[in-house]
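**Student:** Protein chains in written order, with this note's numbering: chain X, 66 to 441; chain S, -16 to 344.
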Amino acid sequence: MSNLENKPNNQEMEGLTETGKIKKVRIKGNRNLVVSLLAILFGLIAGAIYMLAIGKNPITGYYFILSGGLKNLERIGNTLATATPLIFTGLSAAFAFRTGLFNIGAPGQMLMGGLCSTALALTLNLPQYLFLPVILLGSMLSGALWAIVPGFLKAKFNVHEVVSGIMLNWTAYWIVYYIIPTYFKAEYLETESAMIPANASLKVGWLSSLFQGSFINLGLFVAIVAVVLIAFILDKTVLGYELKSVGYNRHAAEYAGISVNKNIILSMMIAGALSGLAGAAFYVGYASNMQIGVMPSQGFDGIAVSLLGNNTPYGVLGAAIFFGLLHSGKGFMNAMTKIPPEIADTIIATIIYFSATSIFIERMLDALKRRKRGAK
Amino acid sequence: MKRFTSLLLVVVLMATVLAGCGTGAGKGLKVGMVTDAGTIDDKSFNQGTWEGIKKAEKDFKIEANYLKPGGTTHADYIKEITNLYDAGYKFIVTPGFKFSTAIYEAQEKYKDAKFVIIDAAPNNGKEGNEFEEKVTSNTVAIYFAEHQAGFLAGVAASLQLKEGEFGFIGGMEIPAVQKFNWGFQQGIKYANDNFGTKISIKPENVIYEGSFDRIDAGQQLAAQMFDRGVKAIFCAAGGVGVGAINEAKQRNETGEKVWIIGVDVDQYHEGLLKDGKTSVILTSAVKKIDTVTYTMIKEELDGKFQGGKILTFDVSNDGVGIPATNPNLSDDVMKSVNDVTAKLKSGEIKVADSNDGSLIK
């Protein structure tokens, strides 16, 4: 974990220290992409070996994952819909990583965002053009508020955000478990809230019918805006510069006159707001209501998405869509080839593993380069 | 590196050739299942359904497959049903009340497919007047009389242990689980009133854990109950019950005598101690999910699919009860339980499937 926290983005590191050598920065950027792609490739090869081991054909396996995720408009829509919450939680994790924080509290923030948007959707009744912004804002706020706690504890008492984050995940889980059945229970559905009314849902008719009735929703567009916005904040603003400095070296940042505590809390809040939006995108977008007793796996998957995307906003966007494709295609692969769902999950886990240990891939690339040089 | 790459290519190519041969799908029915929350080997609900399908696969040479959704939302279920349908699985079994809105939509969307939903009837999930429950002609909805299974398990356990304190651990507080609990309490009362047993059950020993998968929480709850002097716990809680069984096993290994009453399937083998001879499972309140699933497939093959119907399985059609053999119950107890079962069948005894206020939780 310390590896994750301390490893600043290579591209930025070069950019900050060797400001003159723009060309080198570009090479570094490409290199990150190469590392991520290699992680995926190794993951896929490992997956192919699993499939071979159980006597299945990996080529047909991967073919059906791809066609399951992209075969028709409905499936493409579902792939994007699956990716949407992952874009948000991936951004959330990436943003925290860049400030040197490990936001494992994303599932809790997502639950609180989802709870707030569900509560708003089931209590208020506004025209759609007003309702949706209110719901999105509510989910952002509640996610941000939920994330203040670990941020504050970290800043003031140096309590590790992983510990407080995990604790708060379960706190949120049980809050949802209490509030949904008590105040928002569906009359005829157990363990679920009432259905989100049409004018409060991010699923809108024209978009669903455009994608042949898939679960794609407006959350996707909000997510893309968020990607651009976060990229802008990180790369083009003083705030982003300060946040990143705190991430690289807390003490140096403090010495340079940057308020470390303020930035830690702020970074957690922004990360929390993004996870909160993931909650809205998931519970009032992808799903049609909120269920109790489920810790959203998207919160944890966000960490993997962020790692694979090399903690950059655009990388996150690509990685999230890739994960969305795997998640939505694997069912079709299971159905067509009888490769058990557990194998599909193992393939995804292996890709995560390779992206988390991308340092090995980097070392390998270095070794290769050195050998090439030696050969000359 | 180059050598490695070429080796890999060779392996992949060979596999393509080999595996290419084995994909010929057999004719006949393709039966698909979508799992509820939890895994295929959950020792209860999913596993029961899947075992029924597997048995049908063996007997009737059908093709069978299961999919595990990425989550438990309506969208996740619909996606997996679509995957099965697109892959040619036109007979789809879904265990669990959570599928009610997904099947409501799917039965209309895929009219040429057949659906079996267990523990619920398809509905649109809406409120008040907008609510609609609908079983179309390509769907069968199945309910079980859990209260009768709980009742018989309660009677059997009371008769065997004669006196002491009982407990109940439930999963989520949903009708299927509540009915087990209510039936169990009525069973204890019936045994006390008619057979002179002295079993009691205290409110603090009736607990819904809130999930079906937290094994550690089940173990803790069971430990607390056993510490409070409870002799036997009825667990209707999926994986949570597995934790309780583990706790009971540990205590029995150290000489303490405590029992668990299993649920859904005959859990006797889950409760075996290290010696492999004695089990902590006194008996189990069984829902014959496997038999019913098997029957549904058989009826479809025979052209007798009961589409459009809501079927309830209870003691009268042997859909619920306790296992036929219970090594931990004496012959006398089995005889009395069989008598009680007969009276349930004839309607002489009635078990309420709701709580009139006299029952705990």
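The C-beta atom is built at its ideal place from N, Cα and C for all residues, glycine as well. Computed from a predicted structure; not experimentally measured.
Helix, strand or coil for S:LYS37? Go by DSSP, reduced to three states.
**Tutor:** The sequence position of residue 37 of chain S within the second sequence is 54, counting from 1. Here S:LYS37 sits in helix by DSSP.
**Student:** Judging by CA-CA distance, which residue of S:ASN311, S:GLU283, S:LYS287 and S:ASP249 is the nearest neighbour of S:GLY304?
**Tutor:** In the second sequence, residue 304 of chain S corresponds to position 321, counting from 1. Its Cα nearest to that of S:GLY304, the residue S:ASP249 stands out among S:ASN311, S:GLU283, S:LYS287 and S:ASP249.
**Student:** Could you tell me the distance, in whole angstroms, from the CA atom of X:ILE386 to the CA atom of X:LEU135?
**Tutor:** In the first sequence, residue 386 of chain X corresponds to position 321, counting from 1. In the first sequence, residue 135 of chain X corresponds to position 70, counting from 1. C-alpha separation (whole angstroms): 12 angstroms.
**Student:** Below 6 angstroms CB to CB, which residues in the same chain sit around X:THR147 once its five sequence neighbours on both sides are set aside?
**Tutor:** For the purposes of this step, residue 147 of chain X is identified with residue 82 of the first sequence, where counting begins at 1. So the list reads GLY389, HIS392 and SER393, once near-sequence residues are dropped.
**Student:** Which residues in the same chain as X:ARG438 place their Cβ atom closer than 6 angstroms to its Cβ, once the five residues preceding and following it in sequence are excluded?
**Tutor:** What you label residue 438 of chain X is simply residue 373 of the first sequence in a count that begins at 1. Excluding residues within five positions, none has a Cβ falling inside 6 angstroms.
**Student:** Using a Cβ-Cβ cut-off of 6 angstroms (strictly less than) and excluding sequence neighbours within five positions of X:ALA421, which residues of its own chain qualify?
**Tutor:** One-based indexing of the first sequence puts residue 421 of chain X at position 356. So the list reads LEU372, once near-sequence residues are dropped.
**Student:** Just tell me which of S:TRP165, S:LYS97 and S:PHE195 has its CA closest to the CA of S:PRO186.
**Tutor:** As a position in the second sequence, residue 186 of chain S is number 203, starting the count at 1. S:PRO186 has its Cα closest to that of S:TRP165, out of S:TRP165, S:LYS97 and S:PHE195.
**Student:** Going by DSSP, which residues form a beta bridge with X:SER266?
**Tutor:** For the purposes of this step, residue 266 of chain X is identified with residue 201 of the first sequence, where counting begins at 1. Paired residues: none, contrary to the question.
**Student:** Buried or exposed: where does S:LYS10 fall if 16 or more other Cβ atoms within 10 Å of its Cβ makes it buried?
**Tutor:** Walking along the second sequence from the start, residue 10 of chain S turns up at place 27. Legend: pLDDT at S:LYS10 = 48, less than 50; position of this residue unreliable, no value from coordinates given.
**Student:** Within the same chain, show all residues whose beta-carbon is closer than 6 angstroms to that of S:GLY245, passing over the 5 residues directly before and after it, in chain order.
**Tutor:** As a working note, residue 245 of chain S is residue 262 in the second sequence. Here the set comprises ILE264 and SER267.
**Student:** For S:LYS260, count the other beta carbons within 10 Å of its own beta carbon; 16 or more makes it buried, fewer makes it exposed. Which is it?
**Tutor:** In the second sequence, counting from the first residue as 1, residue 260 of chain S sits at position 277. With fewer than 16 Cβ atoms within 10 Å of its Cβ, S:LYS260 is classed as exposed.
**Student:** To the nearest angstrom, how far is the alpha carbon of X:LEU191 from that of X:TYR243?
**Tutor:** The residue given as residue 191 of chain X occupies position 126 in the first sequence. The residue given as residue 243 of chain X occupies position 178 in the first sequence. Their Cα atoms are separated by approximately 26 angstroms.
**Student:** Can you give, in chain order, each stretch of the alpha helix (DSSP H) that sits fully within the segment 275 to 342 of chain S and has at least 4 residues?
**Tutor:** 314 to 329
**Student:** Compute the beta-carbon to beta-carbon distance between S:ILE36 and S:VAL99, rounded to the nearest angstrom, for a pair I have assumed lies under 8 angstroms.
**Tutor:** Your numbering for residue 36 of chain S matches position 53 in the second sequence. Your numbering for residue 99 of chain S matches position 116 in the second sequence. S:ILE36 to S:VAL99, Cβ: 10 angstroms. No contact.
**Student:** Using a Cβ-Cβ distance cut-off of 8 angstroms, determine whether X:LYS403 contacts chain S.
**Tutor:** Taking the first sequence and counting its residues from 1, one reaches residue 403 of chain X at position 338. So yes, X:LYS403 belongs to the interface.
**Student:** Considering only the alpha carbon of each residue, which of X:LEU304, X:ASN122, X:TYR127 and X:LEU283 lies closest to X:TYR265?
**Tutor:** Position 200 of the first sequence, counted from the start, is the residue given in the question as residue 265 of chain X. According to the sequence displayed, residue 265 of chain X carries Ala and not Tyr. Looking from the CA of X:ALA265, the closest CA among X:LEU304, X:ASN122, X:TYR127 and X:LEU283 belongs to X:LEU283.
**Student:** Are the segment 359 to 371 of chain X and the segment 147 to 158 of chain X touching, with three or more C-beta to C-beta distances below 8 angstroms?
**Tutor:** yes
**Student:** Is DSSP giving X:TYR253 helix, strand or coil here?
**Tutor:** Taking the first residue of the first sequence as 1, we reach residue 253 of chain X at position 188. X:TYR253: coil per DSSP, three-state reduction.
**Student:** I need the boundaries of the beta strand (DSSP E) containing S:ASP247, first residue and last residue.
**Tutor:** Within the second sequence, numbered from 1, the residue matching residue 247 of chain S stands at position 264. Start and end: 242 to 247.
**Student:** Flag X:MET48 as yes if its beta-carbon sits less than 8 angstroms from any beta-carbon of chain S, otherwise no.
**Tutor:** In the structure displayed, chain X extends from 66 to 441; residue 48 of chain X sits before or after that span and is not available.
**Student:** If we ignore side chains and look at the alpha-carbon of each, how far apart do X:ALA296 and X:TYR348 end up?
**Tutor:** Start at 1 with the first residue of the first sequence, and residue 296 of chain X comes out as number 231. Start at 1 with the first residue of the first sequence, and residue 348 of chain X comes out as number 283. Rounded to the nearest angstrom, the two C-alpha atoms are 26 angstroms apart.
**Student:** Check this for me: beta carbons of S:MET208 and S:ILE198, under 8 angstroms apart or not?
**Tutor:** Residue 208 of chain S sits at position 225 when you count from the first residue of the second sequence. Residue 198 of chain S sits at position 215 when you count from the first residue of the second sequence. It is not a contact, given that the beta carbons lie outside the stated cut-off.
**Student:** Would the beta-carbon of S:ILE243 fall within 8 angstroms of that of S:GLY254?
**Tutor:** Numbered from 1 along the second sequence, position 260 holds the residue referred to as residue 243 of chain S. Numbered from 1 along the second sequence, position 271 holds the residue referred to as residue 254 of chain S. For S:ILE243 and S:GLY254, yes; Cβs fall inside 8 angstroms.
**Student:** S:GLU116 and S:PRO105: beta carbons closer than 8 angstroms?
**Tutor:** If you number the second sequence from 1, residue 116 of chain S lands on position 133. If you number the second sequence from 1, residue 105 of chain S lands on position 122. It is a contact, given that the beta carbons lie within the stated cut-off.
**Student:** Check the Cβ of X:SER274 against every Cβ in chain S and list those closer than 7 angstroms, keeping chain order.
**Tutor:** For the purposes of this step, residue 274 of chain X is taken as residue 209 along the first sequence, with counting starting at 1. Result: empty, since nearest Cβ-Cβ is about 14 angstroms, beyond 7 angstroms.
**Student:** Check whether the segment 84 to 93 of chain S touches the segment 19 to 38 of chain S, counting contact only when three or more Cβ pairs, one atom from each stretch, lie closer than 8 angstroms.
**Tutor:** no
**Student:** What separation, rounded to the nearest whole angstrom, lies between the Cα atoms of S:ALA70 and S:LYS13?
**Tutor:** Here residue 70 of chain S refers to the residue found at position 87 when the second sequence is read from its first residue. Here residue 13 of chain S refers to the residue found at position 30 when the second sequence is read from its first residue. Roughly 9 angstroms separates the two Cα atoms.
**Student:** Between the Cα of S:TYR251 and the Cα atoms of S:MET279, S:ALA47 and S:ILE228, which residue gives the shortest distance?
**Tutor:** As a working note, residue 251 of chain S is residue 268 in the second sequence. When each option's Cα is compared against that of S:TYR251, the closest is S:ILE228.
**Student:** According to DSSP, simplified to helix, strand and coil, what is S:THR65?
**Tutor:** What you label residue 65 of chain S is simply residue 82 of the second sequence in a count that begins at 1. It is helical.
**Student:** Alpha carbon to alpha carbon, how far is X:LEU106 from S:LYS162?
**Tutor:** As a working note, residue 106 of chain X is residue 41 in the first sequence. As a working note, residue 162 of chain S is residue 179 in the second sequence. C-alpha of X:LEU106 to C-alpha of S:LYS162: approximately 51 angstroms in a straight line.
**Student:** For S:ASN66, count neighbouring Cβ atoms within 10 angstroms of its own Cβ and tell me buried if that reaches 16, exposed if not.
**Tutor:** Here residue 66 of chain S refers to the residue found at position 83 of the second sequence. Result: buried.
**Student:** Do you know offhand how far S:ASP247's Cα is from X:ARG163's?
**Tutor:** Indexing the second sequence from 1 puts residue 247 of chain S at position 264. Indexing the first sequence from 1 puts residue 163 of chain X at position 98. Roughly 49 angstroms between the two C-alpha positions.
**Student:** DSSP on X:GLN363, reduced to helix/strand/coil?
**Tutor:** Here residue 363 of chain X refers to the residue found at position 298 of the first sequence. In the structure shown, X:GLN363 falls within a helical segment according to DSSP collapsed to helix, strand and coil.
**Student:** Judging by CA-CA distance, which residue of X:SER332, X:ASN354 and X:GLN363 is the nearest neighbour of X:ALA343?
**Tutor:** Position 278 of the first sequence holds residue 343 of chain X. Of the candidates X:SER332, X:ASN354 and X:GLN363, the one whose C-alpha sits nearest the C-alpha of X:ALA343 is X:GLN363.
**Student:** At the level of alpha carbons, what is the spacing between S:VAL225 and S:GLY212?
**Tutor:** Counting from one through the second sequence, the residue named residue 225 of chain S turns up at place 242. Counting from one through the second sequence, the residue named residue 212 of chain S turns up at place 229. Taking the straight line joining both Cα atoms gives about 20 angstroms.
**Student:** Any chance you could list the beta strand (DSSP E) runs of at least 3 consecutive residues sitting entirely within the segment 139 to 210 of chain S, in chain order?
**Tutor:** Taking only runs of at least 3 residues, the beta strand (DSSP E) segments lying wholly in the segment 139 to 210 of chain S are 146 to 153 and 181 to 191.
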